[in-house]
Amino acid sequence: MTTPADPRHAMLRAVPLFAEASPDDLAALAAAATEVEIPPGRTIVRQGDPANGLFVIVEGRCHVVRDGAVLATLGPGEWFGELAVLDRGPRVASVVADAPSRLLALSAWDAERLLLERPPLALGVARTLASRLRTATEDHRH
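Counted from 1, the sequence shown has number 1517 at position 103 by my numbering; the numbering is strictly sequential.
Quick look at the structure:
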């Protein structure tokens, strides 16, 4: 297990998705995460593909594309891939690096294992995702 001195631990502590995670939960997440370097222009995940993990942007910038339209630009502290990991459905969008990017990757099987083993972590993640969904829903009212 990692310690708070591990740089991955500090990176994850700054991510809103894990805002409610305990130090032990963060250590478990950090131990399971892999740091990856992505060159600009590289597609990280492709719309329609099976989910293999979720990603946290540590450095760099990426854009989210669905059906050819750019939906969002993501930067440090933001994440993607959590929906496909949670519901095991196909990716709903592609994500492409705009700049050299450093990401933390957490495999779908490790994410699921950690959420099952650590109910408070699962509840915190669910609350964050519910808040994100509420914001998106409220932003699209007529």
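Where a beta carbon is used, it is the ideal one built from N, C-alpha and C, also for glycine.
Bridge partner(s) assigned by DSSP for residue i
i     : result
V1472 : DSSP lists no partner for V1472.
R1546 : Paired residue(s): none; R1546 is not in a bridge.
E1526 : Paired residues: none, contrary to the question.
L1571 : In the structure as shown, the chain begins at 1415 and stops at 1556. Residue 1571 is therefore absent and cannot be evaluated.
A1519 : T1448 and F1469
A1442 : A1442 is not bridged to any residue.
R1480 : A1483
Coil, strand or helix - residue i by DSSP
i     : result
E1552 : helix
R1427 : helix
R1422 : helix
A1433 : coil
Nearest-angstrom beta carbon gap, residue j and residue i [assumed within contact, 8 Å]
i     : j     : result
L1520 : L1431 : At roughly 10 Å, the Cβ-Cβ gap does not stay under 8 Å, so L1520 and L1431 are not in contact.
With a threshold of 8 Å, are at least 3 pairs of Cβ atoms found where one atom belongs to the region 1425–1441 and the other to the region 1527–1537?
yes
Going along the chain, which unbroken runs of the beta strand (DSSP E) with 3 or more residues stay wholly within the region 1488–1516?
1508–1511
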